[in-house]
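Engineer:
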DNA sequence: CAGTTAAGTGGACGGTGCGTCCGCTTCTGA
DNA sequence: TCAGAAGCGGACGCACCGTCCACTTAACTG
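Chains as they are written, first to last, in our numbering: chain W, 295 to 493; chain F, 295 to 493.
1) What does the alpha-carbon distance come out to for the pair residue 476(F) and residue 337(W)?
2) So which of 304(F), 402(F) and 473(F) has the shortest CA-CA distance to residue 483(F)?
3) Would you give the residue range spanned by the alpha helix (DSSP H) that residue 328(W) belongs to?
4) Consider the Cβ of residue 460(W): report whether some Cβ of chain F lies at a distance smaller than 8 Å.
5) What does the Cβ neighbour count give for residue 464(W), buried or exposed, with the cut at 16 atoms within 10 Å?
6) For residue 388(F), which residues in chain W fall below 8 Å Cβ to Cβ?
7) Does DSSP put residue 448(F) in a helix, a strand or coil?
8) State the start and end residues of the unbroken alpha helix (DSSP H) segment that holds residue 471(W).
9) Please check if any C-beta of chain W sits within less than 8 Å of the C-beta of residue 463(F).
10) My guess is that residue 446(W) and residue 388(W) are in contact by the Cβ rule of under 8 Å, so how many angstroms apart are they, rounded?
11) Report yes if the CB atom of residue 367(F) is closer than 8 Å to the CB atom of residue 398(F), and no otherwise.
12) Per DSSP, what kind of secondary structure is residue 383(W) in: helix, strand or coil?
13) Please tell me whether residue 503(F) has its Cβ less than 8 Å away from any Cβ of chain W.
14) I'd like the list of long-range same chain contacts for residue 350(F), defined as Cβ closer than 8 Å, with 5 residues on each side in sequence excluded.
15) Are the C-beta of residue 410(F) and some C-beta of chain W separated by less than 8 Å?
16) Would you kindly check if the distance between the Cβ of residue 365(F) and the Cβ of residue 429(F) is under 8 Å?
17) With residue 361(F) as the anchor, note down where its alpha helix (DSSP H) starts and where it stops.
18) Within 10 angstroms of the Cβ of residue 320(W), are there 16 or more other Cβ atoms? Answer buried if so, exposed if not.
19) For the alpha helix (DSSP H) that contains residue 422(F), what are its first and last residues?
20) Roughly how many whole angstroms lie between the Cα atoms of residue 474(W) and residue 453(F)?
21) What first and last residue would you give for the alpha helix (DSSP H) that runs through residue 344(F)?
22) Any C-beta of chain W within less than 7 Å: which residues of the region 300-330 of chain F qualify?
23) Under a CB-based cut-off of 8 Å, is residue 476(F) close to chain W?
24) Give the C-beta separation of residue 357(W) and residue 423(W) to the nearest angstrom, bearing in mind that I take them to be a contact with Cβ-Cβ under 8 Å.
25) Determine the DSSP secondary structure at residue 403(W), reduced to helix, strand or coil.
Next comes the structure, spelled out in structure tokens:
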């Protein structure tokens, strides 16, 4: 009796939860992560109040939307790490890191505005967002750790900070006019990848 | 008669223009570059309409506020360039570039939020802002050009892009919780400076 | 298979900031 | 001194946010 009552949520509640999540994915994809929450509620066929009941803030909703994408990236990091030979050569490590970062960058294309937005939230340690990416970060940190050992990565930059750097520069690159945007993004990522190697 | 009438503006108009500009400086400094324009109008003792009459958008006002700071940075770039020995050594060039970039970063501390904001506007080629920094950019590009020659700077990254990169990463760093913010900023700047050197 | 009730809903509401518009005021040049 | 152009500034309509609460409805109970 002293323990909390875990009561399973009502059926309509669960239904609305996933309606909102689904709607959020498509609205964020179409209008960017700053889209009015009201649009999402409307798309989900629920009221604003219901949306807020399930996701206390935009952060929470955004984190929920990103969570599974980030889970996938977490797995990729683990796989890349596992796929590395016993003592990996510097070039193999660089390649693995670059591969992962590219995947991270590509995954960011789906939701406009996510670059700068994520950078800011990661840097600010926004609870819901950092929680949602904690596993991914842990696995990428693992990979990065092998970079430290092999001397291909600065030891004063950790996984979280690489994510911030990459998100920030891709975010900026993507606000550029279309002709430049794509090439800028890849050059900016290059700059960061080169920059996180030891001097 | 076919030519336009250049009529000098009325006295109250000029007065209000500078009141708004002064107010904008202090409000932007105190509340960040996203401060409500109404606050600035109030601080200047004018109505919102008057503010908009003089500065059509937030961009224009922001650009006007930043203009003289950027002029100073433009001069610094020219001086650093002029102060370089006839054939500068790579290290001398690196030092000059680093010095200028540090000055740029420090100047950004005055207005909270300017990092990410400027990065986005520079990348998006926001008219008023890119105009305001065109001289600074030109002079810094000059310095960077000598970097290309000396082989200490990637030739596929220009001055504009260095500004974007630096603004983006410092912007992110500054949203970090205070304990980390300062050290993060300097490490992030280091990463970019290292990253813009040729592979 | 009602009846009860707590969980859940959703839209109305108040608040903030934006940018525009236009009736009124003030400067300026004749 | 006065006419009229230039400039002023606050009221207005719009968009979005996040909260609140009267109503609905799913889920347990006898």
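Quick reminder that beta carbons are idealized off the backbone N, C-alpha and C, glycines included.
Structural biologist: If we stick to the structure as given:
1) Against the second chain, residue 476(F) aligns to sequence position 182. Against the first chain, residue 337(W) aligns to sequence position 43. Straight-line Cα distance between these residues: approximately 42 Å.
2) Here the question's residue 483(F) lines up with position 189 in the second chain. Of the candidates 304(F), 402(F) and 473(F), the one whose C-alpha sits nearest the C-alpha of residue 483(F) is 402(F).
3) Sequence index remark: in the first chain, residue 328(W) carries index 34 (1-based). Residue 328(W) -> no alpha helix (DSSP H), and no H or E assigned at all.
4) Here residue 460(W) corresponds to residue number 166 of the first chain, with the count starting at 1. It does not: the Cβ of residue 460(W) has no partner Cβ on chain F nearer than 8 Å.
5) Within the first chain, numbered from 1, the residue matching residue 464(W) stands at position 170. Classification for residue 464(W): buried.
6) The sequence position of residue 388(F) within the second chain is 94, counting from 1. Residues of chain W with a Cβ closer than 8 Å to the Cβ of residue 388(F) do not exist; the shortest Cβ-Cβ separation is about 11 Å.
7) Here residue 448(F) is taken as the residue at index 154 of the second chain, counted from 1. Looking at residue 448(F) - three-state DSSP - the assignment turns out to be coil, as it is neither helix nor strand.
8) The residue you call residue 471(W) lines up with position 177 of the first chain. Careful: residue 471(W) lies outside any alpha helix (DSSP H) and carries neither H nor E.
9) Counting from 1 along the second chain, the entry for residue 463(F) is found at position 169. Using a Cβ-Cβ cut-off of 8 Å, residue 463(F) counts as an interface residue toward chain W, since at least one Cβ of chain W sits closer than that to its own.
10) What you label residue 446(W) is simply residue 152 of the first chain in a count that begins at 1. What you label residue 388(W) is simply residue 94 of the first chain in a count that begins at 1. Indeed they touch by this definition, with Cβ atoms about 5 Å apart.
11) Here the question's residue 367(F) lines up with position 73 in the second chain. Here the question's residue 398(F) lines up with position 104 in the second chain. Yes, the pair counts as a contact, with Cβ atoms nearer than the cut-off.
12) Locating residue 383(W) in the first chain gives position 89, counting from the first residue. Residue 383(W) falls in the coil class under three-state DSSP.
13) Lying before the first or after the last residue shown, residue 503(F) is absent from chain F, which here runs from 295 to 493.
14) Start at 1 with the first residue of the second chain, and residue 350(F) comes out as number 56. Nothing meets the Cβ criterion.
15) Residue 410(F) sits at position 116 when you count from the first residue of the second chain. Judged by the 8 Å Cβ criterion, residue 410(F) is in contact with chain W.
16) Here residue 429(F) is taken as the residue at index 135 of the second chain, counted from 1. Here residue 365(F) is taken as the residue at index 71 of the second chain, counted from 1. Result yes, Cβ atoms of residue 429(F) and residue 365(F) sit closer than 8 Å.
17) What you label residue 361(F) is simply residue 67 of the second chain in a count that begins at 1. Per DSSP, residue 361(F) belongs to the alpha helix (DSSP H) from 352-377.
18) By 1-based counting over the first chain, the position of residue 320(W) is 26. That one is exposed.
19) Position 128 of the second chain, counting from 1, holds the residue named residue 422(F). Residue 422(F) -> alpha helix (DSSP H) spans 421-426.
20) As a position in the first chain, residue 474(W) is number 180, starting the count at 1. As a position in the second chain, residue 453(F) is number 159, starting the count at 1. C-alpha separation (whole angstroms): 15 Å.
21) As a first step, residue 344(F) is located in the second chain; it is residue number 50 there, counting from the start. It spans 342-348 - the alpha helix (DSSP H) in which residue 344(F) sits, taken as one unbroken run.
22) none
23) For this step, residue 476(F) is matched to residue 182 along the second chain. Closer than 8 Å: no.
24) In the first chain, the residue the question calls residue 357(W) occupies position 63. In the first chain, the residue the question calls residue 423(W) occupies position 129. Their Cβ separation, rounded to whole angstroms, is 5 Å, which keeps residue 357(W) and residue 423(W) in contact under 8 Å.
25) The sequence position of residue 403(W) within the first chain is 109, counting from 1. Looking at residue 403(W) - three-state DSSP - the assignment turns out to be coil, as it is neither helix nor strand.
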